[in-house]
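K.L.:
For any residue, its number in my numbering is found by taking its place in the sequence shown, counting from 1, and adding 2.
Structure below; questions to follow.
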Amino acid sequence: MTMGKFITLEGVEGVGKTTNLNFIASYLTSNGKKIITTREPGGTKIAEKIRDLLLEHNEEKLCNESELLLMFAARAQHIENIIKPALDAGKWVVCDRFTDATYAYQGGGRHFKMADINWFEKFVQKGLSPDKTVLLDLSVDVGLERAAGRSEPDRFESEKKAFFNNVRRVYLERAKAEPNRFCIVDASKSIEQVQKNIQRYLDKMLTDG
Ligand code: Z5A
């Protein structure tokens with residue numbers, strides 16, 4: 003039985019997850035909530051080491067099966083050591099990406115069967131799932147443009163447009179299938195408008211308790 007709330011942010015690259023994670027954190031804090039912000043893959047020392055393995059270009063090619071297993075290995079560490087203790091202590095956890103990203107990237111992008119991902123989800127999460135997921139939706143072209151030129155592209159950022167179009171498609175399918183958990187926010191709007199829209203969902207969560 004958890005007491006806090008678990009909010010995740012999702013979307014293709016460059017949609018503004020980091021920008022809006024900071025906004026959500028300060029809005030909830032100003033409304034008296036104890037919060038932690040975190041990210042996936044990552045969030046603990048071991049999970050951040052796994053993140054490096056996943057994002058870096060390695061001399062030895064990381065095979066897709068290892069990629070999927072490492073995502074869930076990092077997640078297991080993160081849930082056990084960060085997410086669950088925070089929720090149990092009544093904190094609100096705001097997380098940049100979670101398992102919807104695995105369905106979108108490893109399912110949509112790498113073509114793993116959704117049923118296989120679902121098996122790992124149950125094995126690792128033991129029923130834990132976000133209370134609310136903000137899907138920042140944006141065309142792949144605009145997202146890649148926004149993200150361009152920041153640094154050397156990592157292993158995922160080096161993928162082709164078709165890969166990201168599949169990622170976006172799966173995100174939207176999942177949002178349609180779970181309308182109560184997901185809120186889809188049009189990330190092509192100005193930052194102010196995007197945050198106004200996110201705030202409406204947060205206000206509802208704060209009122210509903
Ligand atoms: N991955 C996976 O495959 N499977 C999994 O299960 C998980 C992850 C959990 C790391 O993710 C990679 O791991 C990710 C998927 C994979 N790879 N990809 N691609 P990440 O979240 O750490 O990396 P990212 O997706 O590359 O995040 P990002 O590029 O940092 O994007 P962002 O956080 O969404 O965007 P941002 O930094 O907030 O904004 C980008 C720019 O746009 C910035 O200059 C902003 O000022 C600007 N911006 C933001 N909002 C707006 C609006 N509304 N208008 C105009 N400009 C804006």
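All C-beta atoms in this analysis are idealised placements derived from N, C-alpha and C, irrespective of residue type, glycine included.
Remember, it's a predicted structure, so these values are computed and weren't measured experimentally.
Less than 8 Å between the CB atoms is what I'm expecting for VAL96 and ILE26, so what's the real figure, rounded?
P.N.:
That belief holds up - the Cβ atoms of VAL96 and ILE26 are roughly 5 Å apart, short of 8 Å.
K.L.:
So, THR10 versus THR135, is the Cβ gap smaller than 7 Å?
P.N.:
A contact, by the Cβ cut-off of 7 Å.
K.L.:
Got a sec, what are the start and stop residues for the alpha helix (DSSP H) PHE8 sits in?
P.N.:
Unbroken run through PHE8 is the beta strand (DSSP E), 8-12; no alpha helix (DSSP H).
K.L.:
Which parts of the stretch 151-192 are runs of the alpha helix (DSSP H), unbroken and 4 residues or longer, counting only runs that do not cross its ends?
P.N.:
The qualifying runs are 163-179.
K.L.:
With C-beta atoms as the reference, is GLU15 less than 7 Å away from GLY145?
P.N.:
Yes.
K.L.:
Do you know how far the Cα of LEU89 is from the Cα of GLU175?
P.N.:
If you take the alpha carbons of GLU175 and LEU89, they lie about 28 Å apart.
K.L.:
Does the beta-carbon of CYS103, which I'm using as the reference point, lie nearer than 6 Å to any heavy atom of the ligand Z5A?
P.N.:
Sequence check: residue 103 is Ala here, not Cys. Yes, the ligand Z5A has a heavy atom inside 6 Å of this Cβ.
K.L.:
Which whole-angstrom value is the C-beta distance of PHE165 and GLY111, which I expect to be below 8 Å?
P.N.:
Yes, they are in contact, since the Cβ atoms of PHE165 and GLY111 sit about 5 Å apart, within 8 Å.
K.L.:
If you draw a straight line from the alpha carbon of GLU42 to that of ARG53, how long is it in whole angstroms?
P.N.:
One C-alpha to the other measures close to 8 Å.
K.L.:
Taking buried to mean at least 16 other C-beta atoms within 10 Å of its own C-beta, is PHE125 buried or exposed?
P.N.:
Exposed.
K.L.:
Could you give the distance in angstroms between the alpha-carbon of MET3 and the alpha-carbon of LEU55?
P.N.:
Unreliable placement is indicated for MET3, whose pLDDT of 48 sits below 50; the coordinate value is still reported in the next sentence. Straight-line Cα distance between these residues: approximately 33 Å.
K.L.:
Could you tell me the alpha carbon to alpha carbon distance between ILE84 and GLU69, rounded to whole angstroms?
P.N.:
Near 22 Å, if we compare the C-alpha coordinates of GLU69 and ILE84.
K.L.:
Within the continuous alpha helix (DSSP H) that includes ASP54, where are the two ends?
P.N.:
Per DSSP, ASP54 belongs to the alpha helix (DSSP H) from 47-57.
K.L.:
Considering only the alpha carbon of each residue, which of MET116, SER28, ARG157 lies closest to CYS65?
P.N.:
For CYS65, the nearest C-alpha among the options comes from ARG157.
K.L.:
Please tell me whether, using a cut-off of 6 Å, the distance from the CB of ILE200 to the nearest non-hydrogen atom of the ligand Z5A is below it.
P.N.:
ILE200 Cβ: outside cutoff for every heavy atom of the ligand Z5A.
K.L.:
Quick one: residues in its chain with C-beta nearer than 6 Å to the C-beta of LEU140, no 5 flanking neighbours on either side, listed in chain order?
P.N.:
VAL17, ALA189, SER190, listed in sequence order.
K.L.:
To which residues of the same chain is ASN168 closer than 7 Å at the C-beta, ignoring the five residues directly before and after it?
P.N.:
Contacts found: GLY110, GLY111.
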